[in-house]
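To start, the structure under review is shown below, and the notes come after it.
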Ligand code: KG4
Ligand code: ZN
């Protein structure tokens, strides 16, 4: 038997992604981002994202087929992000995938976006297989989730998630407070390099003992964002210059501390000594450094997929699709709808 050739479509946020895989081998990964169009609003605007997907879908699809050197006829299946994500954005991808499936007669598989982030890891070039079970920390502009993955297909448990802002969203909002452009993550990362992470003790959301009892694996970043806003305001009221580097470094430290405290608590509680990171915030230099330090100290094996597989992409969706095909799962009913709150 040959590994299934699967095309995956991802449109849950601002990236139009089309990827093609053969089993666990990456053949194409093409991404068109509408990020620039959202820059002046300081965050992703759903209507703008949906419209951009519509415009980018066909050229992205053609480019992926060309990159992989395959034709639609050769595909074994089409996979698409069914949710969670922005409703209008998801609908464009699901609509395109259904049209492809109907036109070519290929089976269609709806894939959960978060499972896709975990599945991305099987596409790494070094071919070292993902070992399960693993705890997965997914951090991006749209989600902040802690998962326990026993099996990529059918056994993924959501341990916790953000109850307000996503981690990347917090970076974007705090950057804006500091007068830095969108997207804020890389800007804060850069500014923080010259700052003192201990200059200001910003709050660590949901880490008090009572919170750890009720929201052990959940995250909250809105209180942190407010604390930074107050701090900046106070500087301005007092006529002092805002120490941007120190604020950026202290804020970044608070986010990274909470993310890894909870991820490693999950490893400890579940007895799982593997941690996988995913999502655009994985680009954060401090997050990677502290993850390495703390995982080494706790005897936890840390896995970080290559960066272009960490951010939203179609290849990760294709990878999960290929797994579904290989294991003989039934395709989705063509009548299925995108679900902006799809559970894992
Ligand atoms: O996964 P991703 O590319 O897509 C969406 O969520 O749409 O993640 C983008 C998010 C943005 O919020 C951005 O500010 C954040 O990831 N980000 C970072 C860094 N690079 C990107 N956050 C912190 N540090 C970074 N170096
Ligand atoms: Zn994502």
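In UniProt numbering, the protein residues as written are 3 to 346. Just so it is clear, CB atoms sit at the ideal spot from N, CA and C, and this is done for glycine as well. Keep in mind the model is a prediction, meaning the values are calculated, not measured.
Query                                                                                                            : Result
Residue list, Cβ distance to the ligand ZN heavy atoms smaller than 5 Å                                          : 142, 314
Option in 7, 225, 140 with minimal Cα separation from residue 75                                                 : 7
Reduced DSSP category for residue 164 - H, G, I as helix; E, B as strand; rest coil                              : strand
Alpha-carbon spacing of residue 113 relative to residue 189, whole angstroms                                     : 32 Å
Bridge-paired residues (DSSP) for residue 35                                                                     : 17
CA-to-CA distance, residue 147 to residue 24, given in whole angstroms                                           : 28 Å
Residue-chain proximity (residue 164, chain C), Cβ-Cβ < 8 Å                                                      : Note that chain C does not occur in the displayed structure, where there is just one protein chain.
Residue 132 in three-state terms, based on DSSP                                                                  : coil
Secondary structure of residue 221, DSSP reduced to three states                                                 : strand
Endpoints, the beta strand (DSSP E) within which residue 277 is located                                          : 276-280
Residue environment, residue 131, which counts as buried when at least 16 other CB atoms sit within 10 Å         : exposed
Where the beta strand (DSSP E) through residue 150 begins and ends                                               : 146-153
Whole-number beta carbon distance between residue 222 and residue 153, since they are thought to touch under 8 Å : That pair is no contact at about 30 Å.
Contact set for residue 179: own chain, Cβ-Cβ below 7 Å, skip 5 residues either direction                        : 230, 231, 234
Option nearest residue 140 by Cα separation, candidates 277, 185, 93                                             : 277
Inter-residue Cα distance where the pair is residue 322 and residue 336                                          : 18 Å
Check: residue 120 C-beta below 7 Å from any heavy atom of the ligand KG4                                        : no
Burial state of residue 313 (16 or more Cβ within 10 Å)                                                          : buried
Expected contact under 8 Å - CB spacing of residue 56 and residue 20 to nearest Å                                : Actually they do not touch by this definition, with Cβ atoms about 14 Å apart.
For residue 111, the residue or residues it bridges with in DSSP                                                 : 81
Assigned exposure category for residue 137 - 16 Cβ within 10 Å defines buried                                    : buried
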